[in-house]
């Protein structure tokens with residue numbers, strides 16, 4: 137029994153079908169690799185954004201510490217800045233507070249603080265992460281803290297915050 141048709145032509149058809157399947161497989165592979173490469177980039181961008189947000193929050197914590205420091209020590213005794221502090225025990229994330237100058241006395245707003253004495257503290261707050269003693273992430277904010285002594289009641293307010 138003999139199959140109709142030329143056997144050489146039959147082999148060519150099988151070879152062409154194999155090449156078409158191989159080309160489709162290669163196309164799917166290339167498209168998939170593009171998606172994987174793009175998702176890796178998006179994941180790295182998301183990690184960088186999360187790390188930057190964490191460093192901003194650490195710098196904001198330093199500003200809040202500056203407010204508490206101003207209430208506890210008062211305007212006359214602040215002459216130096218506290219040392220850099222880790223965010224928690226054993227962490228590689230640190231915050232640092234720096235007083236940029238002596239507090240200046242400001243006239244109080246009579247509508248808000250009648251007869252109160254206010255002082256303005258310029259401060260710089262940093263949040264950073266160290267790996268092998270090198271800073272790998274960093275955020276710096278400058279702020280103006282207002283200290284109000286209203287007849288024995290001490291209050292602080294953050295007047296302005298700027299990113300450096």
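Residue numbers (the numbering used here): 137 to 300.
We put the CB at the ideal spot given by N, CA and C, even for glycine.
Supposed contact pair residue 260 and residue 301 - C-beta distance, whole angstroms, cut 8 Å: Only positions 137 to 300 of the chain appear in the structure, and residue 301 is not among them; the question remains open.
Enclosing beta strand (DSSP E) for residue 224 [first to last residue]: Numbered from 1 along the chain shown, position 88 holds the residue referred to as residue 224. Where residue 224 is concerned, there is no enclosing beta strand (DSSP E), given that its DSSP letter is neither H nor E.
Spatial distance of residue 153 from residue 163 (CA atoms): The residue you call residue 153 lines up with position 17 of the chain shown. The residue you call residue 163 lines up with position 27 of the chain shown. Those two C-alpha atoms are separated by around 15 Å.
Residue 276 beta carbon less than 7 Å from that of residue 207: In the chain shown, residue 207 corresponds to position 71, counting from 1. In the chain shown, residue 276 corresponds to position 140, counting from 1. Not closer than 7 Å, so no.
Counted within 10 angstroms of its Cβ, other Cβ atoms place residue 170 as buried (16 or more) or exposed: Counting from one through the chain shown, the residue named residue 170 turns up at place 34. Note on residue 170: under 16 other CB atoms within 10 angstroms of its CB, so exposed under the neighbour-count rule.
Environment of residue 282 [buried if 16+ CB atoms lie within 10 Å]: Locating residue 282 in the chain shown gives position 146, where the first residue counts as 1. Residue 282 should be labelled buried.
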